[in-house]
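Numbering (the numbering used here), first residue to last: 121 to 236. These notes concern the structure reproduced below.
Following this line, the structure appears as structure tokens:
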């Protein structure tokens, strides 16, 4: 089976397609400084849309999402962007956890796995 790497860098690829499945790296906001959890989540969801399209799929085919929040108290703020974006009737399984992210500017990180 072939493996396709999307937006490959020296350390990691942003997405890897194998066996009819695409695995996205954890996505963080491109411009997080001073942005709210809702704003960062919206940026991330746009990145996810772009990567899924590059892999030949879309958000209706997401199987699993893992959401990391720097502060679990911001759960509702994250959902303010997630709920209008997620494909109703095709909602994925999901886990949301609190985690210390790589810098204090990052408030949200999202990783997804989708069918291609």
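We put the CB at the ideal spot given by N, CA and C, even for glycine.
By the CB criterion at 8 Å, residue 134 and residue 123 fall outside the cutoff. Taking 8 Å as the upper bound for CB-CB distance, residue 142 and residue 177 are in contact here, some 6 Å apart. Here residue 127 carries a strand assignment [DSSP, helix/strand/coil]. Beta-bridge pairing by DSSP links residue 213 to 184. Approximately 11 Å separates the beta-carbon atoms of residue 157 and residue 229; this is outside 8 Å, ruling out the contact.
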